[in-house]
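A short worksheet on the structure shown next.
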């Protein structure tokens, strides 16, 4: 059984994010939410076709492919400024990622062509604006991860570390697409209580936005229903004060 995402209208999403720590935004609401055009988002999925394998999976799996990039977003004298950061390792403490924390993971960088697209900058600025309206205007340290989870070897695990927080201020999960799979249910839980919700994102450019201080999240494993089954997402984290690092 697939549960439909509990979509919230663009004019209501910030209030729910403040109250509950999580919100799901429909693709049709993205233009009003992040000031981008849906037709421009159609330029992005092609960049998921050549993701290199994740060489750091400690469960021995070969089901995850990814690229990674970092940026700093701020409002300066000349308006919004998005600055690419020299390629760096992704690092999380063991407190937040018991499976892959505590090590520097050097993933291949995002494609330069992707980062130069106007819609890419619109997404980053849009998320930074949401974060600033909820947490106060500041410089945001952004990490962007392209993920493909595939089922060539059987089961693919979008979150092999299980239900977790990321150690940042906000997490944005853009659903890009899925093919020939079952499973992949998103689950979000109150970090300090029993409440939670579950749903399956199936419409491209559905957006799950999380206050990482208040909720934990996971995605259930996927299984193939056809050859070359996969699930693609773009995960963007925003953190004040700097990137997580050793």
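In this note's numbering, the protein residues as written are 794 to 1039.
Using N, Cα and C, we set each Cβ at its ideal position, and we do this for glycine too.
Apply the 10 Å Cβ neighbour rule to residue i and answer buried if 16 or more other Cβ atoms are within range, or exposed otherwise.
i	result
residue 834	buried
residue 996	exposed
residue 1039	exposed
residue 798	buried
residue 805	exposed
residue 939	buried
residue 906	exposed
residue 929	exposed
residue 897	exposed
residue 916	buried
residue 857	buried
residue 1021	exposed
residue 979	buried
Can you tell me which of the three DSSP states residue i falls into?
i	result
residue 908	helix
residue 824	helix
residue 838	helix
residue 777	Nothing can be reported for residue 777: it is not among the residues displayed for the chain, which extend from 794 to 1039.
residue 961	coil
residue 811	helix
residue 950	coil
residue 968	strand
residue 796	coil
residue 941	strand
residue 881	coil
residue 914	helix
residue 925	helix
residue 1039	coil
residue 887	coil
residue 955	coil
Can you tell me where the alpha helix (DSSP H) with residue i in it begins and where it stops?
i	result
residue 833	831 to 834
For the beta strand (DSSP E) that residue i lies in, which residues bound it at each end?
i	result
residue 815	815 to 818
residue 1006	Neither: residue 1006 is in no beta strand (DSSP E) and is coded neither H nor E.
residue 1023	1023 to 1033
residue 976	974 to 976
residue 982	979 to 983
residue 1015	1015 to 1017
residue 989	989 to 992
DSSP puts residue i in a beta bridge; with which residues?
i	result
residue 863	936
residue 875	866
residue 858	846 and 941
residue 902	861
residue 1012	979
Any 3 or more C-beta pairs closer than 8 Å across the stretch 912 to 928 and the stretch 960 to 973
Yes: at least three Cβ pairs fall under 8 Å.
Hey, is the stretch 853 to 863 in contact with the stretch 815 to 828, meaning 3+ C-beta pairs nearer than 8 Å?
No: the two stretches stay apart, fewer than three of their Cβ pairs being nearer than 8 Å.
Counting pairs of beta carbons, one from the stretch 985 to 1004 and one from the stretch 948 to 955, are three or more of them closer than 8 Å?
Contact fails: fewer than three Cβ-Cβ distances are below 8 Å.
Taking three-plus beta-carbon pairs below 8 Å as touching, is the stretch 1001 to 1012 in contact with the stretch 800 to 816?
A contact exists between the stretch 1001 to 1012 and the stretch 800 to 816.
Would you call the stretch 866 to 882 and the stretch 829 to 847 touching, i.e. three or more CB-CB distances under 8 Å?
Judged by Cβ distances under 8 Å, the stretch 866 to 882 makes no contact with the stretch 829 to 847, as fewer than three pairs qualify.
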